[in-house]
Structures are given as C-alpha cells and as structure tokens.
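Right, one structure below, let's go through it.
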Amino acid sequence: MSCGADHPVFKRLSRQQLIVRRRSVGFQVLTYRATTAASRCKHCGRHFNTVWKEYLCHVCGLWVCLPCSNVIEREREMHVIHFIRVCVECMSLVNKWPDPDLLTAFAVASWVVQCSKCQLALHLADTLRTKKDFRPAVLTLLKHFGRPAGVDAAILDEITEASWVATTTEAVDALELVPDESMDAGEGAPRKASDKREHAQFLVQQCFEVAVPELPIDECVFAESDGSREYPIYYDKVTETPKCPVIQKEQESSEWIADYGLLQRNLNTPEMALICELAAKELEATKAFISVVQDNEQHSVAVQPSFECGALERSQTFCAFALTSPHPFLVRDAVLDIRFRNLNVVRGDAHTQFYLGFPIVAQATGITIAELCIIDTKPRQHITTMQYSIIKKLSSIVSTLWAESYRGSER
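If you want it as structure tokens, here you go:
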C-alpha cells in the first residue's frame, strides 16, 4: 500500500481547518430547494432511478448522486452546526477560505444595527452653499423630501456667492444697495443685499430641516439575509466565476426600461448625480451609481461627480445577482463570498469589497428597472438603520423623478 503524499490521510483537513471551513461555508448563501429537475448526475452523468437516488448540492443547487457528493459542516451562527451536501466540483470552492479572523468577526455581526446618525441634511446644505451647478437639483430634492423651497429656481441666479458664504458665518456685512434686475430699468428701485442673504439662509435652513423617518430594525430587510437563495448557480470550472442567474420578470423589466428610455437618453442629470453623491457620502463609500442591466451588460446611467458612466459585462457584476430579489442586496465582504471573490471588479484594480444595491422600480408596477448602488474598497460588517432608510428614500426619489419624466414625454 502506498504511503506517499497522495495518500488520503495526508489530504484530510485538520480540526482547525474544518472549523475555518464550516465558518466560511456559513458565510455563503446556499439553496435548499431545487428549481430545476434532472434525470442524471451533473458530475458523473449516471441516470437516477429508484436505487441510484438524486441529492441536491446546496452550493450550486444542482442534482448529484451520492458518490459524487460529500456531507460537510456549516456554522452560520457561532457554535451552531448544521450539515449540508456539496458536490465534488463545489468542494474545490468551499475548500478555499480567507483569513479565519475575518470569518469569526462576520459570524457574530448583524447586518443592520440601530443608529440614528444622519448626515443627509448637512450634505444637502453644503452642496447648496458651495456647488453652483447643483443648486437647482437641491431645490428639486427638497421638494421630494417634504421641504419645498416655495421659490422658483430662477431666484438662485439673484443670490450672490457672498450671500451663500454669509450663511456659513455669523458675520453681518453692511447693507449694500444693489439694483433689482428683475424690475424695469425706469423704476430703479434698489434691493438690499440682506434680502438676498435672507433668501440664501432660508434655503439652507430648509436643507437642515430635512428629516428622513428612521425605519425600525425589523423593517430593514435584505435579500438572502437568512443565508439562503432561490436560484441555482453554474460556475465556470476554470475561473470559478458564476454565470448570471435567471431573473424573474426580466422580460417585463426590459419592456419598462425601453418605455422609460433609460438607455436611449442621458440620465446623468444634476439631480441623479446629486443623489449618487448623497448616497456615497451617507455611507462614507468610494462610489455610488445607478445601474441598468439589460441583455449581457450592466450600464452605469448616472454617477456621482468626478466619475464617468460606463458599461460592464453582466457576468462580472453584483447587480446581476441583486436583481434576483425585490429587496435591497448587501455584500458585506466580496472576498469572503465564493460567488464574487473572483470577479474582475474584486480582484482587479477596483478592489471592490463592499456592495449595497437598492431597487429602483417602475411606479405602480413594482418591477425593478435599475439599482442605486454603493460600493467601497473596504468591507463592513453592517450598515445602520438610518443609512438603510436614507438610501431607500433616495431610490424612491429616483423612481418618482423617472416616472414624472416618463409621463411628461407621453404628453
């Protein structure tokens, strides 16, 4: 009998390795209900019958026979062990794991924590004061936040930069008399500079009074937060990257994308760019954008200032999986997830590790047509209830603005 390095005893995992693996498996999103039927084993090809029975691989969600699968441990909660079945092909995926300390930290962390900290009002006020091109967009958002300015955007042109600066200081300049350009030249009635400062101060105050209701923690629901999914995954044997899952109601979604003209017109308006900017700042993340997925590509149709719109192959994106559920989709650490750890955006220069996507729906249908996405190069164990509430509100504003634009184009 051979006692070389290929002997089974030398291929067994140590007890410590088994613990790390079961925690790594606990981090994965598995499937426990088959959505497809099969007459033969995915691995060996042998036909199933009353003797040669079929078993579900909980990692890929496909049918295999008994000899082509193994039963291993899964620890989703600390010290709570369950058993799952894994086919021989998926064993190569689960037998690769990162730093054990990371797995332990995520195993004990909740996806959402209670926190009322909010920076939205501050960011709105700062944009209004310092970014001239985005001031009309701020007024638009104020209306949807329930704090309408009650003035036309044209008044913004009458407010000088000095008046905006004055809203950030306690200094009161001497009153200046300036001609009111809105009046006839013959009247020449002056308007005080203090009036302009009052307009500026009023608008800034409206920003500070923006308040998004904080959702209770049990209403901050995420897709797959229970560690399960409803779709199978087909992995490429060489790159170990998954193929895109099948999306329910994708045909209806494509029809609404076409009706809204999301890929035929410029959507990177100041309002959309500002929403992306607010989303990124609220989560202190690297980037935020609005994505539309159609056919084999993901299109970034709007993005925060300093970034550019573009397209990615659908199979290399998080949004391909986010669209499988009507709920927000959270990837706390892409490096730990076997579905995403080999994506180009994770392994490449972008080094994306965190992803949060909130659905943008076609109003009155509930069909997802886009995602408001926030990504970061740093993983995070959770987001807060207030962050969840704000991003949900921002995504609903996008939905409303697009619906208004759609109805306007029909007239």
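FYI, full-length UniProt numbering numbers position 283 of the sequence shown as 283, with every residue one higher than the one before it. Here a beta-carbon is modelled for each residue, glycine too, at the ideal position from N, C-alpha and C.
Own chain, CB closer than 7 Å to residue i, minus 5 neighbours either side, in chain order
{"i": "residue 276", "result": "288, 289, 290, 302, 303, 304"}
{"i": "residue 225", "result": "111"}
{"i": "residue 393", "result": "212"}
{"i": "residue 52", "result": "46, 65"}
{"i": "residue 317", "result": "298"}
{"i": "residue 358", "result": "328, 371, 372, 391, 392, 395"}
{"i": "residue 196", "result": "158, 159, 160, 163"}
{"i": "residue 294", "result": "254, 257, 263"}
{"i": "residue 340", "result": "318, 331, 334, 346"}
{"i": "residue 421", "result": "The chain is shown from 1 up to 411; residue 421 falls before or after that span and cannot be answered."}
Burial state of residue i (16 or more Cβ within 10 Å)
{"i": "residue 81", "result": "exposed"}
{"i": "residue 296", "result": "exposed"}
{"i": "residue 242", "result": "buried"}
{"i": "residue 28", "result": "buried"}
{"i": "residue 272", "result": "buried"}
{"i": "residue 174", "result": "Because the pLDDT of residue 174 is 39, which lies under 50, any placement of that residue in the model is unreliable, and the number read from its coordinates should be weighed accordingly. Looking at its Cβ environment, which holds fewer than 16 other Cβ atoms inside 10 Å, residue 174 is exposed."}
{"i": "residue 371", "result": "buried"}
{"i": "residue 234", "result": "exposed"}
{"i": "residue 15", "result": "exposed"}
{"i": "residue 44", "result": "exposed"}
{"i": "residue 402", "result": "buried"}
{"i": "residue 181", "result": "Residue placement at residue 181 is flagged as unreliable, the pLDDT there being 44, under the threshold of 50; a coordinate-derived value is accordingly withheld."}
{"i": "residue 214", "result": "buried"}
{"i": "residue 31", "result": "buried"}
{"i": "residue 185", "result": "Note that residue 185 scores a pLDDT of 42, beneath 50, so its modelled location is shaky; the value from the coordinates is reported in the next line. When all chains shown are included, residue 185 counts as exposed."}
{"i": "residue 146", "result": "exposed"}
{"i": "residue 219", "result": "exposed"}
{"i": "residue 282", "result": "buried"}
{"i": "residue 266", "result": "exposed"}
{"i": "residue 129", "result": "buried"}
Option in the options with minimal Cα separation from residue i
{"i": "residue 356", "options": "258, 365, 380, 239", "result": "380"}
{"i": "residue 334", "options": "345, 137, 328, 324", "result": "345"}
{"i": "residue 353", "options": "332, 338, 168, 359", "result": "332"}
{"i": "residue 113", "options": "402, 385, 406, 397", "result": "385"}
{"i": "residue 143", "options": "207, 87, 129, 159", "result": "207"}
{"i": "residue 89", "options": "294, 157, 239", "result": "239"}
{"i": "residue 17", "options": "84, 85, 61, 96", "result": "96"}
{"i": "residue 42", "options": "118, 107, 232", "result": "232"}
{"i": "residue 343", "options": "314, 324, 369", "result": "314"}
{"i": "residue 168", "options": "203, 157, 155, 101", "result": "203"}
{"i": "residue 250", "options": "166, 368, 196", "result": "368"}
{"i": "residue 447", "options": "383, 73, 136, 121", "result": "Outside the displayed range of the chain (1 to 411) lies residue 447, so it cannot be described from this structure."}
{"i": "residue 388", "options": "222, 196, 307", "result": "222"}
{"i": "residue 257", "options": "292, 266, 229", "result": "292"}
{"i": "residue 33", "options": "263, 227, 300", "result": "227"}
{"i": "residue 309", "options": "263, 341, 326", "result": "263"}
{"i": "residue 124", "options": "115, 140, 109", "result": "140"}
{"i": "residue 217", "options": "57, 19, 40, 116", "result": "116"}
{"i": "residue 121", "options": "73, 341, 300, 279", "result": "279"}
{"i": "residue 155", "options": "166, 136, 162, 165", "result": "136"}
{"i": "residue 307", "options": "375, 248, 397", "result": "375"}
{"i": "residue 148", "options": "109, 100, 130, 205", "result": "205"}
{"i": "residue 36", "options": "20, 57, 19", "result": "57"}
Residue interval of the alpha helix (DSSP H) (run including residue i)
{"i": "residue 275", "result": "270 to 282"}
{"i": "residue 376", "result": "Careful: residue 376 lies outside any alpha helix (DSSP H), inside the beta strand (DSSP E) at 367 to 376."}
{"i": "residue 360", "result": "Residue 360 -> not in any alpha helix (DSSP H); beta strand (DSSP E) instead, spanning 354 to 362."}
{"i": "residue 120", "result": "120 to 130"}
{"i": "residue 143", "result": "135 to 144"}
{"i": "residue 267", "result": "Here residue 267 belongs to no alpha helix (DSSP H), and DSSP marks it neither H nor E."}
{"i": "residue 147", "result": "Element bounds for residue 147: n/a, residue is neither H nor E."}
{"i": "residue 110", "result": "That residue, residue 110, is in no alpha helix (DSSP H); it is neither H nor E in DSSP."}
{"i": "residue 255", "result": "250 to 260"}
{"i": "residue 427", "result": "Coverage of the chain is limited to positions 1 through 411, which leaves residue 427 absent and any answer about it impossible."}
{"i": "residue 23", "result": "15 to 27"}
Range of the contiguous beta strand (DSSP E) that encloses residue i
{"i": "residue 296", "result": "Careful: residue 296 lies outside any beta strand (DSSP E) and carries neither H nor E."}
{"i": "residue 230", "result": "Where residue 230 is concerned, there is no enclosing beta strand (DSSP E), given that its DSSP letter is neither H nor E."}
Residues near residue i in its chain [Cβ-Cβ closer than 8 Å; skip 5 each side]
{"i": "residue 236", "result": "242, 243"}
{"i": "residue 105", "result": "381"}
{"i": "residue 171", "result": "The pLDDT assigned to residue 171 is 41, lower than 50, so where the model puts this residue is not dependable; a value taken from the coordinates is nonetheless given after this. Nothing meets the Cβ criterion."}
{"i": "residue 399", "result": "360, 361, 362, 363"}
{"i": "residue 349", "result": "none"}
{"i": "residue 245", "result": "231, 232, 233, 320, 321, 324"}
{"i": "residue 107", "result": "23, 26, 27, 75, 76, 77, 78"}
{"i": "residue 48", "result": "38, 39, 40, 41, 54, 63, 65"}
Residues near residue i by beta carbon distance below 6 Å, same chain, minus five either side
{"i": "residue 134", "result": "127, 270, 274"}
{"i": "residue 75", "result": "22, 23, 26, 81"}
{"i": "residue 77", "result": "none"}
{"i": "residue 93", "result": "338"}
{"i": "residue 229", "result": "29, 31"}
{"i": "residue 406", "result": "260"}
**Prompt:** Fully enclosed by the UniProt domain "FYVE-type" (35 to 95), which alpha helix (DSSP H) runs are 4 residues long or longer?
**Reply:** For the UniProt domain "FYVE-type" (35 to 95), the continuous alpha helix (DSSP H) assignments of 4+ residues that do not extend past its boundaries occur at 88 to 94, in sequence order.
**Item:** Those runs of the alpha helix (DSSP H) which lie wholly inside the region 279 to 350 and span at least 4 residues
**Value:** The region 279 to 350 contains these whole alpha helix (DSSP H) runs: 319 to 322, 344 to 347.
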